[in-house]
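Enquirer: Chains as they are written, first to last, in the working numbering: chain E, 2 to 262; chain H, 2 to 262; chain Z, 2 to 262.
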Amino acid sequence: MALRAALSNKCGVSSVAVMHMQNPPVNSLSLGFLTEFCIAVEKLEMDKSCRGLIVTSSQPKVFSAGLDIMDMYGKSPEHCAEFWRAVQEMWLKLYTSNMVTIAAINGSSPAGGCLMSLTCDYRIMADNPRYSIGLNETQLGIVAPFWFKDTMINTVGHRTTEMALELGLLYSSSDALKIGLVDQLVPEDQVLATATKTMTKWLAIPDHARQITKSMMRKPTIDKLTSNRETDIQFFVNFITKDSIQKSLGMYLGMLKKRKS
Amino acid sequence: MALRAALSNKCGVSSVAVMHMQNPPVNSLSLGFLTEFCIAVEKLEMDKSCRGLIVTSSQPKVFSAGLDIMDMYGKSPEHCAEFWRAVQEMWLKLYTSNMVTIAAINGSSPAGGCLMSLTCDYRIMADNPRYSIGLNETQLGIVAPFWFKDTMINTVGHRTTEMALELGLLYSSSDALKIGLVDQLVPEDQVLATATKTMTKWLAIPDHARQITKSMMRKPTIDKLTSNRETDIQFFVNFITKDSIQKSLGMYLGMLKKRKS
Amino acid sequence: MALRAALSNKCGVSSVAVMHMQNPPVNSLSLGFLTEFCIAVEKLEMDKSCRGLIVTSSQPKVFSAGLDIMDMYGKSPEHCAEFWRAVQEMWLKLYTSNMVTIAAINGSSPAGGCLMSLTCDYRIMADNPRYSIGLNETQLGIVAPFWFKDTMINTVGHRTTEMALELGLLYSSSDALKIGLVDQLVPEDQVLATATKTMTKWLAIPDHARQITKSMMRKPTIDKLTSNRETDIQFFVNFITKDSIQKSLGMYLGMLKKRKS
Numbered sequence: 002m003a004l005r006a007a008l009s010n011k012c013g014v015s016s017v018a019v020m021h022m023q024n025p026p027v028n029s030l031s032l033g034f035l036t037e038f039c040i041a042v043e044k045l046e047m048d049k050s051c052r053g054l055i056v057t058s059s060q061p062k063v064f065s066a067g068l069d070i071m072d073m074y075g076k077s078p079e080h081c082a083e084f085w086r087a088v089q090e091m092w093l094k095l096y097t098s099n100m101v102t103i104a105a106i107n108g109s110s111p112a113g114g115c116l117m118s119l120t121c122d123y124r125i126m127a128d129n130p131r132y133s134i135g136l137n138e139t140q141l142g143i144v145a146p147f148w149f150k151d152t153m154i155n156t157v158g159h160r161t162t163e164m165a166l167e168l169g170l171l172y173s174s175s176d177a178l179k180i181g182l183v184d185q186l187v188p189e190d191q192v193l194a195t196a197t198k199t200m201t202k203w204l205a206i207p208d209h210a211r212q213i214t215k216s217m218m219r220k221p222t223i224d225k226l227t228s229n230r231e232t233d234i235q236f237f238v239n240f241i242t243k244d245s246i247q248k249s250l251g252m253y254l255g256m257l258k259k260r261k262s
Numbered sequence: 002m003a004l005r006a007a008l009s010n011k012c013g014v015s016s017v018a019v020m021h022m023q024n025p026p027v028n029s030l031s032l033g034f035l036t037e038f039c040i041a042v043e044k045l046e047m048d049k050s051c052r053g054l055i056v057t058s059s060q061p062k063v064f065s066a067g068l069d070i071m072d073m074y075g076k077s078p079e080h081c082a083e084f085w086r087a088v089q090e091m092w093l094k095l096y097t098s099n100m101v102t103i104a105a106i107n108g109s110s111p112a113g114g115c116l117m118s119l120t121c122d123y124r125i126m127a128d129n130p131r132y133s134i135g136l137n138e139t140q141l142g143i144v145a146p147f148w149f150k151d152t153m154i155n156t157v158g159h160r161t162t163e164m165a166l167e168l169g170l171l172y173s174s175s176d177a178l179k180i181g182l183v184d185q186l187v188p189e190d191q192v193l194a195t196a197t198k199t200m201t202k203w204l205a206i207p208d209h210a211r212q213i214t215k216s217m218m219r220k221p222t223i224d225k226l227t228s229n230r231e232t233d234i235q236f237f238v239n240f241i242t243k244d245s246i247q248k249s250l251g252m253y254l255g256m257l258k259k260r261k262s
Numbered sequence: 002m003a004l005r006a007a008l009s010n011k012c013g014v015s016s017v018a019v020m021h022m023q024n025p026p027v028n029s030l031s032l033g034f035l036t037e038f039c040i041a042v043e044k045l046e047m048d049k050s051c052r053g054l055i056v057t058s059s060q061p062k063v064f065s066a067g068l069d070i071m072d073m074y075g076k077s078p079e080h081c082a083e084f085w086r087a088v089q090e091m092w093l094k095l096y097t098s099n100m101v102t103i104a105a106i107n108g109s110s111p112a113g114g115c116l117m118s119l120t121c122d123y124r125i126m127a128d129n130p131r132y133s134i135g136l137n138e139t140q141l142g143i144v145a146p147f148w149f150k151d152t153m154i155n156t157v158g159h160r161t162t163e164m165a166l167e168l169g170l171l172y173s174s175s176d177a178l179k180i181g182l183v184d185q186l187v188p189e190d191q192v193l194a195t196a197t198k199t200m201t202k203w204l205a206i207p208d209h210a211r212q213i214t215k216s217m218m219r220k221p222t223i224d225k226l227t228s229n230r231e232t233d234i235q236f237f238v239n240f241i242t243k244d245s246i247q248k249s250l251g252m253y254l255g256m257l258k259k260r261k262s
């Protein structure tokens, strides 16, 4: 099973869902996982009794390793297009959510994992110098698309984003806190409890006022993708199926395999 | 009298106006007060000898408590529309002012009071942990409109604004300094003197160069409201006259009454 | 000779150019210097073996004193137009460069010198309290144009830019670091060595991914000028040839002469 969504009653009248991502070994965001994830979020979104969503990992040491390279390496243009549409869908579902969304980042969170965190209303990370977070696409020879970039600018500003994306920087948890990439660090065993406590504070705000405010803040960024989805997919497919990019990905996969053995 | 505008000669050739807001008990921004305020600012704007405006409060402990709820509760759509136009006018007058504008924030400054401060070129606040400042609309079940939001983004950036508006956060003076919501803290009895001293520094810059620069910085934000005033008024009236919102305001007023007694 | 461009091999396959600006006494950005500078950058841009550019000064105590006032004072509208086009060209060449660009700021860097620094990917400044940097145009009675402003907003955000430009602030090197106007301070004799070391880190990223990312980050800002170059030139010429502005420049030049003697 790719993920478990546990609904737990929190304050009598309303409930908070805790999504434990479980796609061993490192919660790669594969086409299958993303599809299942989006269906689960959509169900929660339509469940009026569910007002909050906490996203966390049930895998040790990693929140999510990001997009699954196996869905972009040696695949047909059609497969790549379907995959990219699912990545867009995940971002749209989370960034437009009417629920309060909190990322309980209990492990490393590079690339797509960082993006997933950035879509949430609040980010709590385990205070562990071994865990890192960031949009490190350029290190792999690929490029974070404009909506990854926009989400990061909305969080840490233009200059920090420019340097982070050009260099593909991964930040330690304490550096991530310094630049505002995460909102709070707590000891690893308190990440989920802190997320639950924080959720209570957010749920004290009347839903309709909070939702209109959230939508107002994010609408321009969301509109840019929704009015350019097909172009963005075409751009991704053209880019990722290039021989030179496929070669880069192949070398990266080779390096990963070496590291393991 | 709702406000006193004292013109005092500062540097021989030019003068600085000090506006002491006086609408007891808490300088609520009522329709009447806003109308008087806008006329006063317009007069100063047209007086070429007046180059600077300091806005402060003559009421103890409060700069301004923000928009007067009595102008939105149980009132006709026509009244609500007239009120909202006056709020827009206050923002436009201050945010487009050719004068150097300094907020001498000698007390708490929630919601509309915070907005008024945000329109100024510089914000000096009394260093008193009991005083708070912020756009706390969502706490009341209402929503800060897009131009409140834009003014705050221009001051403290996108991420801080998103969290502040979603949660309706009120910041202590020291937290407000940390996030850049105010520029300087001084002991309460030195707020006005510091504002006057700061004004001298700003008036040392040639007016025409400073004014063109200010206009260039603020024009996109101002254009968004001026080209959407009627839509914005209609949105406000539709929202505020809803039964559910009126009920929220009623509950809030009841809570305020209880607190007093 | 206005500048020296030294090409030095760094990592076997690729080379880094170090541009030592040499327009005594203070590297004023005159029409002649800017023309020569743009030709040199364009040559490097077209040289595929050159992947990085370090800009520094061979003059003591100053990186660049900014635009040469002698090209705007007492000159014909045609000359002013030609001069402004050269300033635009310098900004466009640097801000759109496919090379990694690093400013090695080994001296003061007001106005146009600050702008030049802001176009680079990374800014290293000498840790010397006597050196200052900033867009101080309003202090001279003139105005930084919209693309100077946009470049600064992209670097330090809206609020800091608004105050800096309205007051024409010059920051000490340590204050510049605090607000993010420069990225790093090092002892003066290590500025160039640190730039070279930093360059190696940037060149470790695959060029195509870094270049696409850089272009994505800067395109909206660049498009604003490229689609408005003639209007911007006309605005500058109309402004700078005004009697009142010419008088301001004359007074400033008089003050500079007095200071020297």
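For each residue, glycine too, the CB sits at the ideal point set by N, CA and C.
To be precise: take each residue of the region 118–143 of chain Z, compare its Cβ to all Cβ atoms of chain H, and keep it if any distance is under 9 Å. Which residues remain?
Expert: Listed by position, the residues of the region 118–143 of chain Z near chain H (Cβ gap below 9 Å) are Glu138, Thr139, Gln140, Leu141, Gly142, Ile143.
Enquirer: Going along chain H, which residues have a C-beta under 7 Å from His159(Z)?
Expert: Ordered by position in chain H, the residues that pass the 7 Å Cβ test against His159(Z) are Asn155.
Enquirer: So that I know if they touch, is there some Cβ in chain E lying closer than 8 Å to that of Ile213(Z)?
Expert: Cβ-Cβ to chain E under 8 Å: yes for Ile213(Z).
Enquirer: List the DSSP bridge partners of Ala105(H).
Expert: BP columns for Ala105(H) point to Ile125(H).
Enquirer: For the alpha helix (DSSP H) containing Ala177(E), name the first residue and the last one.
Expert: Where Ala177(E) is concerned, the enclosing alpha helix (DSSP H) stretches over 174–180.
Enquirer: Classify Gly114(H) as helix, strand or coil using the three-state DSSP reduction.
Expert: Gly114(H): helix per DSSP, three-state reduction.
Enquirer: By alpha-carbon positions, which one of Ser249(E), Asn107(E), Met20(E), Thr201(E) ends up nearest to Ala66(E)?
Expert: Nearest option by C-alpha distance: Asn107(E).
Enquirer: For Val63(E), which beta-bridge partners are listed by DSSP?
Expert: According to DSSP, Val63(E) bridges with Ser109(E).
Enquirer: Using only CA atoms, which one of Lys215(Z), Ser110(Z), Met47(Z), Thr97(Z) lies nearest to Met22(Z)?
Expert: The shortest C-alpha separation from Met22(Z) is found at Ser110(Z).
Enquirer: Would you mind giving the Cβ-Cβ distance between Ala104(Z) and Gly135(Z), rounded to the nearest angstrom? I have them listed as a contact below 8 Å.
Expert: In fact, because the Cβ distance is near 14 Å, the residues do not count as touching under 8 Å.
Enquirer: In whole angstroms, what is the alpha-carbon distance linking Ile154(E) and Met256(Z)?
Expert: Approximately 43 Å, taken between the alpha carbons.
Enquirer: Give the interface partners of Lys179(E) over in chain Z, defined as CB-CB distance under 8 Å, in chain order.
Expert: The premise fails here: Lys179(E) is roughly 13 Å from chain Z at the closest Cβ pair, so nothing lies under 8 Å.
Enquirer: Among the residues of its own chain, which have a CB less than 8 Å from the CB of Val27(Z), if the five just before and after it don't count?
Expert: Excluding positions up to five away in sequence, the list reads Gln60, Val63, Ser65, Ala66.
Enquirer: Return the residues of the region 216–244 of chain Z that lie within a Cβ-Cβ distance of less than 9 Å from chain E, sorted by chain order.
Expert: Result list: Met217, Met218, Arg219.
Enquirer: If you run the structure through DSSP and keep just helix, strand and coil, what is Ser29(Z)?
Expert: Here Ser29(Z) sits in strand by DSSP.
Enquirer: Buried or exposed for Asn239(Z), going by 16 or more other Cβ atoms inside 10 Å?
Expert: Classification of Asn239(Z): exposed, given that the 10 Å Cβ count is below 16.
Enquirer: Any residues in the region 69–86 of chain H with a beta carbon nearer than 7 Å to a beta carbon of chain Z? Which ones, in chain order?
Expert: Flagged: no residues at all.
Enquirer: Could you please give me the residues that DSSP links to Val187(E) through a beta bridge?
Expert: Answer is Ala127(E), bridged to Val187(E).
Enquirer: State yes or no: is the C-beta of Val187(E) within less than 8 Å of the C-beta of Asp128(E)?
Expert: Contact: yes.
Enquirer: Please confirm whether Ala104(Z) has its beta-carbon closer than 8 Å to some beta-carbon of chain E.
Expert: So no, Ala104(Z) is outside the interface.
Enquirer: Which chain Z residues sit within Cβ distance under 8 Å of Phe147(E)?
Expert: Simply Met217.
Enquirer: Would DSSP call Gly251(Z) helix, strand or coil?
Expert: Three-state result, Gly251(Z): helix.
Enquirer: Between Leu35(E) and chain Z, is there a C-beta pair that is closer than 8 Å?
Expert: Answer no: the Cβ-Cβ gap between Leu35(E) and chain Z never drops below 8 Å.
Enquirer: Run through chain Z and tell me which residues come within less than 8 Å of Leu116(E), C-beta to C-beta.
Expert: By Cβ distance, chain Z contributes nothing, its closest Cβ being about 15 Å from Leu116(E), past 8 Å.
Enquirer: Less than 8 Å between the CB atoms is what I'm expecting for Thr162(Z) and Lys150(Z), so what's the real figure, rounded?
Expert: Thr162(Z) to Lys150(Z), Cβ: 6 Å. Contact.
Enquirer: Closer than 8 Å by C-beta to Ile246(E): which residues in its own chain qualify, once you throw out the five before and the five after it? Chain order, please.
Expert: The residues are Gly142, Ile143, Phe240.
Enquirer: Looking at Ala41(E) and Met73(E), is the spacing between their C-beta atoms short of 8 Å?
Expert: Their beta carbons are not under 8 Å apart, which means Met73(E) does not touch Ala41(E) by this criterion.
Enquirer: Using three-state DSSP, classify Ile134(Z) as helix, strand or coil.
Expert: It is a strand residue.
Enquirer: Please state whether DSSP places Asp244(Z) in a helix, a strand or coil.
Expert: Three-state DSSP puts Asp244(Z) in a helix.
Enquirer: Between Leu32(Z) and chain H, is any beta-carbon pair separated by less than 8 Å?
Expert: It does not: the Cβ of Leu32(Z) has no partner Cβ on chain H nearer than 8 Å.
Enquirer: Taking 8 Å as the cut-off, decide whether the C-beta atoms of Ser173(H) and Pro146(H) are in contact.
Expert: No, they are not a contact pair.
Enquirer: Which chain H residues are close to Ile206(E), counting only those with a beta carbon under 8 Å from its beta carbon?
Expert: Within 8 Å Cβ-Cβ: Thr139, Gln140, Glu167, Leu168, Gly169.
Enquirer: If you draw a straight line from the alpha carbon of Lys259(E) to that of Gly251(E), how long is it in whole angstroms?
Expert: Near 12 Å, if we compare the C-alpha coordinates of Gly251(E) and Lys259(E).
Enquirer: So, is the C-beta of Trp203(Z) closer than 8 Å to a C-beta in chain E?
Expert: By this cut-off, Trp203(Z) is an interface position.
Enquirer: Would you identify the three-state DSSP class for Leu170(Z), choosing helix, strand or coil?
Expert: Three-state result, Leu170(Z): coil.
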